[in-house]
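As they're listed, the protein sequences go chains A and B. Residues 8 to 122 (our numbering) are what the first sequence spells out, left to right. Residues 141 to 256 (our numbering) are what the second sequence spells out, left to right. Note that the Cβ used here is the ideal one computed from N, Cα and C, for glycine as well.
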Amino acid sequence: SAVISQKPSRDICQRGTSLTIQCQVDSQVTMMFWYRQQPGQSLTLIATANQGSEATYESGFVIDKFPISRPNLTFSTLTVSNMSPEDSSIYLCSVRLALAKNIQYFGAGTRLSVL
Amino acid sequence: AQSVTQLGSHVSVSEGALVLLRCNYSSSVPPYLFWYVQYPNQGLQLLLKYTTGATLVKGINGFEAEFKKSETSFHLTKPSAHMSDAAEYFCAVSPISNFGNEKLTFGTGTRLTIIP
Numbered sequence: 008s009a010v011i012s013q014k015p016s017r018d019i020c021q022r023g024t025s026l027t028i029q030c031q032v033d034s035q036v037t038m039m040f041w042y043r044q045q046p047g048q049s050l051t052l053i054a055t056a057n058q059g060s061e062a063t064y065e066s067g068f069v070i071d072k073f074p075i076s077r078p079n080l081t082f083s084t085l086t087v088s089n090m091s092p093e094d095s096s097i098y099l100c101s102v103r104l105a106l107a108k109n110i111q112y113f114g115a116g117t118r119l120s121v122l
Numbered sequence: 141a142q143s144v145t146q147l148g149s150h151v152s153v154s155e156g157a158l159v160l161l162r163c164n165y166s167s168s169v170p171p172y173l174f175w176y177v178q179y180p181n182q183g184l185q186l187l188l189k190y191t192t193g194a195t196l197v198k199g200i201n202g203f204e205a206e207f208k209k210s211e212t213s214f215h216l217t218k219p220s221a222h223m224s225d226a227a228e229y230f231c232a233v234s235p236i237s238n239f240g241n242e243k244l245t246f247g248t249g250t251r252l253t254i255i256p
């Protein structure tokens with residue numbers, strides 16, 4: 008497995024502001040993903056973070072709202088922009104490792120509340 | 141296209157009793173199958189996985205699951221429930237890939253409650 012460090016672990020934000028979430032991995036990574044988990048629900052894939060290029064977004068998610076960067080193989084950020092209370096969720100970073108390509112590991116998540 | 145169905149959004153068992161969490165999948169190609177657990181206020185932890193080989197797979201914390209192709213099922217079991225097993229459990233599926241670039245599809249989750 009790997010150590011996946013996600014920061015911040017939780018935050019309370021005002022509507023209209025933006026929050027950037029960081030994900031750092033201590034192993035060689037092939038793929039990085041960002042998920043959203045709304046209260047009491049399952050995980051929804053937001054996007055696949057691509058190194059050095061634009062992320063690949065799933066249907067219903069757009070770059071203007073969720074800009075993603077991945078400047079190197081082991082680090083990525085997700086920004087939640089112009090937040091509203093509907094953005095209150097857990098945001099999870101997930102990776103696949105070079106030595107275990109078909110297994111996905113998850114960070115501890117960022118618990119976001121928007122007032 | 142793939143899908144995962146977890147029967148029972150909430151399951152309650154007595155401490156020491158058998159735990160059975162159900163997962164059925166739909167996939168047009170042979171899949172990889174996973175169970176993840178999410179403890180309160182934590183991320184997802186991989187419990188066990190089926191990729192190839194033996195259809196009965198053992199995971200952490202005494203859990204195991206059996207891949208039954210004829211039933212398209214991958215039910216999770218534990219012979220004796222412990223209070224620490226209380227958590228949310230997610231079944232997930234992805235197509236087999238040599239490149240590791242296939243997406244995971246998650247079920248809706250089952251919340252397991254243990255009754256003292």
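Cβ contact (3+ pairs, closer than 8 Å) linking the region 34–51 of chain A and the region 98–112 of chain A: yes
Start-to-end residues for the beta strand (DSSP E) that takes in A:N57: Premise fails: A:N57 is in no beta strand (DSSP E) and is neither H nor E.
Residues near B:Q142 in its chain [Cβ-Cβ closer than 6 Å; skip 5 each side]: S167, V233 and T245
For the region 96–118 of chain A, which residues have a CB atom closer than 7 Å to at least one CB atom of chain B, in sequence order? L99, R103, K108, N109, I110, Q111, Y112, F113, G114, A115 and G116
Using a Cβ-Cβ distance cut-off of 8 Å, determine whether A:L26 contacts chain B. no
In the DSSP assignment, what residue or residues form a beta bridge with B:M223? Answer is none; B:M223 lacks a bridge partner.
Buried or exposed: where does A:G23 fall if 16 or more other Cβ atoms within 10 Å of its Cβ makes it buried? exposed
Which whole-angstrom value describes the C-beta separation of A:F82 and A:C30, a residue pair presumed to lie in contact below a C-beta threshold of 8 Å? 7 Å
Run down chain A in chain order and give the residues with a C-beta less than 8 Å from the C-beta of B:G199. The premise fails here: B:G199 is roughly 12 Å from chain A at the closest Cβ pair, so nothing lies under 8 Å.
Looking at C-alpha atoms only, which residue of B:Y179, B:N201 and B:M223 is the closest neighbour of B:L216? B:N201
Chain B contact for A:S34 (CB, 8 Å cutoff): no
Within the 8 Å Cβ cut-off, does A:S49 reach chain B? yes
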